[in-house]
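Inspection log for the structure reproduced underneath, given as C-alpha cells.
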Amino acid sequence: MAAGSICATHDAQAQTVFSVKYKGDAQVKVYVASYKSDADLVVYKAGYKSDAGDNKGIWYFCDYASDAKKKIFFVDYKSDADLVIFFSDYKSDAGWQNKSKQHLMY
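Residue numbers for the sequence shown follow the numbering used here, so the first one is 2 and each next one is one higher.
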C-alpha cells in the first residue's frame with residue numbers, strides 16, 4: 002500500500018491526520034484491515050473538516066503535515082502496526098471497537 006498525502010486534524014471540531022513518507026516520522030503506525038471485525042477503529046473519511054469528529058473515527062484527510070494533529074504511516078503488515086483500522090463508506094459505522102487503543106489518537 003502506497004502512502005499518500007493524507008491529513009486529519011484534531012481540535013474541538015475535527016480530527017485530522019497526515020500520512021508521512023517515512024515510518025520514523027510517524028506518531029502512529031496504521032494497518033488497513035480487509036474486514037471490519039479485524040479493526041481496532043472503523044474510520045469514515047469526511048469530505049469536509051467540519052464533518053470530522055473528535056476521536057470517534059471520523060477523519061478529515063489534509064494535505065499538509067502542519068495541519069495535522071497526528072502523523073501516521075501506513076504499514077504493509079498488521080504485526081508492524083500500532084493501530085488497525087478499517088475504512089467504511091458509512092459515517093454511522095465509525096467508532097472504536099478496541100477502546101484500549103483510543104489513546105493513540107489523542
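C-beta atoms are modelled at their ideal positions from N, C-alpha and C, and glycine is treated no differently.
Remember, predicted model here, so these are calculated numbers, not experimental data.
Item                                                                                                 : Value
Boundaries of the beta strand (DSSP E) in which Tyr32 is found, first to last residue                : Val29 to Val33
Gly58 in three-state terms, based on DSSP                                                            : coil
Contained beta strand (DSSP E) runs [length at least 3] in the stretch 40–87, N- to C-terminal order : 42–47, 59–62 and 71–75
Residues bridged to Val21 (per DSSP)                                                                 : In DSSP, Val21 forms no bridge with anything.
Local Cβ density within 10 Å of Ser93, reported as buried at 16 or more and exposed below that       : exposed
Counted within 10 angstroms of its Cβ, other Cβ atoms place Asp35 as buried (16 or more) or exposed  : The sequence given here has Ser at residue 35, not Asp. That one is exposed.
CA nearest to the CA of Tyr91, picked from Gln16, Ala47 and Asp41                                    : Ala47
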